[in-house]
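Down below is the structure, laid out as structure tokens.
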Amino acid sequence: MSLSSEKLLEEIISFLDTQYGEIPWWPGSTEEVMIGAVLTQQTRWTNVEIALGRMNECGLCSLAAIYRSAGSDIESAIRCTGFYRVKTKRLKSLASFVIDNYCDVDSMQAVTTSILRKELLCVNGIGAETADSILCYALNRRSYVIDAYTERICGCAGITEKKGLLKSLFESVLPEDNQAYRLCHAWFVEYAKEYCGNRRCGECMIKNLK
DNA sequence: GACCAGGTCCTTG
DNA sequence: CAAGGACATGGT
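The opening residue of the first sequence carries number 406 in my numbering; numbering runs sequentially from there.
Structure (structure tokens):
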């Protein structure tokens with residue numbers, strides 16, 4: 406990671422801060438956020454909210470319930486998020502991981518972020534982004550979430566690091582504060598929704614920095 | 001009808 | 001290791 410990438414990223418973050426400031430992002434209980442992290446894979450958040458609502462109605466919105474439930478019940482509750490069969494398997498893998506290894510989510514707080522991250526990455530269906538979302542938004546850890554938007558916006562703006570290095574770059578530039586991590590990721594997604602539809606995100610961002 | 005969405009896994013070259 | 005396909009529904 407080059408020095409100029411750090412400077413550029415600092416400028417982008419500062420711009421987004423004044424542009425958006427405090428915005429609400431990913432509310433919900435620890436377990437709801439974990440479930441939502443799987444459901445939102447390649448899926449709009451509005452559809453995830455509907456699915457979470459259905460799971461709540463069916464008493465399925467907890468890891469313990471997912472653990473013991475028949476897969477078919479979960480499938481019908483989350484159908485509107487797409488990929489509902491694989492996502493059901495992934496939710497069950499996640500629930501098994503937590504319950505078999507930790508009994509409950511609170512017990513996970515005894516383990517360091519880097520160990521938890523390695524463990525989560527071994528769970529079927531949990532890749533880097535889902536693991537970091539769970540760490541950052543469900544477990545309040547400092548593990549920055551890099552998604553496709555972030556990579557695209559940074560790339561357009563001249564920060565060409567790939568995902569793994571981008572994560573390190575953000576973590577070296579941001580203050581050591583979980584809230585800052587949460588907000589910053591929220592800004593990037595917000596910005597992407599506003600400008601990336603027409604693939605002009607980089608142009609706009611460069612202009613914004615002048 | 002085409003294209004994409006807050007990814008991940010598996011298979012190929 | 002990069003690239004491409006599968007997974008699937010819903011919105012524009």
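Ideal Cβ positions, reconstructed from N, Cα and C, are used throughout, including at glycine.
- By the Cβ-count criterion, Cys-527 is exposed, with fewer than 16 other Cβ atoms from all chains shown falling within 10 Å of its own Cβ.
- The Cβ atoms of Ile-564 and Leu-457 do not sit closer than 9 Å to each other.
- Cβ contact annotation for Asp-537 (same chain, cutoff 8 Å, sequence separation greater than five): Arg-522, Ser-548, Tyr-549, Val-550, Ile-551 and Lys-572, in chain order.
- Each residue's CA atom was taken as its position, placing Leu-614 and Gln-424 some 12 Å apart.
- As summarised for the region 437 to 500, the continuous alpha helix (DSSP H) elements at least 4 residues long and confined to that stretch are 450 to 462, 468 to 473 and 476 to 483, given in chain order.
- Restricting attention to Ile-418, Met-439, Val-578 and Ile-428, the CA atom closest to the CA of Thr-535 is found in Met-439.
- Tyr-600 carries a helical assignment under DSSP once its states are collapsed to helix, strand and coil.
- For Arg-587, the closest C-alpha among the options Ile-428, Ser-409 and Gly-569 is that of Ile-428.
- The residue among Gly-569, Val-503, Lys-492 and Leu-579 with its C-alpha nearest the C-alpha of Ala-469 is Val-503.
- The shortest C-alpha to C-alpha distance from Cys-561 to any of Tyr-507, Thr-435, Tyr-600 and Cys-466 is the one to Tyr-600.
- By the neighbour-count criterion, in which 16 or more other beta carbons inside 10 Å mark a residue as buried, Ile-520 falls on the exposed side.
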